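Residue numbers (mature numbering (1 follows the signal peptide of the UniProt record, and there is no 0)): -24 to -1, 1 to 355. Heads up, the beta-carbon is just placed ideally off N, CA and C, and yes, glycines get one too. From a predicted model like this one, the values you see are computed outputs, not experimental measurements.
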């Protein structure tokens, strides 16, 4: 523990007291160390070694809705387990953001509650407003751009990408490249989303991108709902939720998803004979990041906080990058020399600087989509 004798200008005074035979230095109380469940930083717990020790003592981490082929979670979970000897259990790997928030609310402080969540930032804001998240500043918190984190450190974005259109070129000719293309008769029954927009942050982003492609704006997502209503009216909308299995067996031959997911499918399924092409539509360019957060009632609070530190470390961020996901710390890592430049060079080129909706615009869009989606696609 640090005593007053080690505190800069106080050193001389301590020596003087020792010379006088006094023990004031030894009696100075040590700085209070927080329990993992209330720690707001690793430093608050006594430093990273103390956090690691506490997390190893817990020995487990409960996650939810983290498929191994999503933004390299398979490699991230393996890396975390090997590095720290902590067993990771992932519940409902094909779940969506709303499922994660629901699990926090339903489980409360039960031992089966998720320790951490990974959700679209609209859902992170919702969870924070419902007082479900614990404030915790990762070591890299100061390097995260201001518009990618909560000012109270209840959540922060970790990785992101652009909405793209994936297409099985063996089954679909020609492959669509824009939202306008998706309305063509050639794509009847083929165009799918990753989930339902009221529950899936990815599908919600697909509606937002469609709005931007059809004279909508960050403040007006209704044209996106109208687009999918028209897609359904023409018979082009495919209600099957697109995942790697659905892509592989041809149930979703055209899929609106993040570029890093579609690009991963292209790599993953190439040896299985699937020719998966990926286009980032110029008429509806939409970028978004996904947020990480710690459950306020995490059953493994130290492991939850260590998991956050790992995902924001250069190792964790570069593992994201190797699966085409754009790390939120990419610019900072490029400057400090920790970025995997070879992996960065593989990212698809996107014109312009990404823009993001404001909190108010996101909340308005979320409500509009939640209220109007079912009617839009069911007629």
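Runs of the beta strand (DSSP E) spanning 3 or more residues and lying entirely within the region 15 to 88 occur at 36 to 40 and 63 to 67, in chain order.
Distance from the Cα of residue 248 is smallest, within the candidate group 220, 266 and 269, for 220. Under the three-state reduction of DSSP output, residue 201 falls in the helix class. In the structure shown, the three-state DSSP call for residue 218 is coil. By the criterion of a C-beta distance shorter than 6 Å, residue 98 is surrounded in its chain by 338 and 342, once the five residues flanking it on both sides are discounted. The three-state secondary structure of residue 303, taken from DSSP, is strand. With respect to the 8 Å criterion, residue 92 and residue 168 are not classified as neighbours on the basis of their beta carbons. For residue 113, the secondary structure class from DSSP, reduced to helix, strand or coil, is strand. Within a 10 Å sphere around the beta-carbon of residue 272 sit 16 or more other beta-carbons, which makes this residue buried. Under the DSSP assignment, residue 286 falls in the alpha helix (DSSP H) whose first and last residues are 277 to 287. By a beta-carbon distance limit of 8 Å, residue 262 contacts residue 181. Their separation comes to about 6 Å. Its chain contains 197, 200, 262 and 341 as the residues whose beta carbon lies nearer than 7 Å to that of residue 184, once the 5 sequence neighbours on both sides are disregarded; these appear in chain order.
DSSP, reduced to helix, strand and coil, places residue 232 within a strand of the structure shown. Counting the other CB atoms within 10 Å of its CB gives residue 250 a total of 16 or more, which places it among the buried residues. Looking at the DSSP output, residue 264 bridges to 137.
Contact between the region 73 to 83 and the region 316 to 323 is absent, with fewer than three C-beta pairs closer than 8 Å. Put simply, of 62, 54 and 39 the residue whose alpha carbon is nearest the alpha carbon of residue 32 is 62. The beta carbon of residue 123 is closer than 7 Å to those of 332 in its chain, skipping five residues each way along the sequence. In summary, residue 178 is buried, with 16 or more beta-carbon neighbours lying within 10 Å of its beta-carbon over all protein chains present. Distance check between residue 281 and each of 190, 130, 86 and 95 places 130 closest, using alpha-carbon atoms only.
Boundaries of the alpha helix (DSSP H) harbouring residue 292: 290 to 297, taken from the DSSP string. As the crow flies, the alpha-carbon of residue 9 is around 55 Å from that of residue 213.
As DSSP reads the structure, residue 253 sits in a beta bridge with 143. Between the region 222 to 234 and the region 142 to 159, the count of Cβ pairs shorter than 8 Å is three or higher; the stretches touch. By the criterion of a C-beta distance shorter than 6 Å, residue 288 is surrounded in its chain by 114 and 116, once the five residues flanking it on both sides are discounted. Remark: C-beta atoms of residue 259 and residue 162 do not approach each other more closely than 8 Å.
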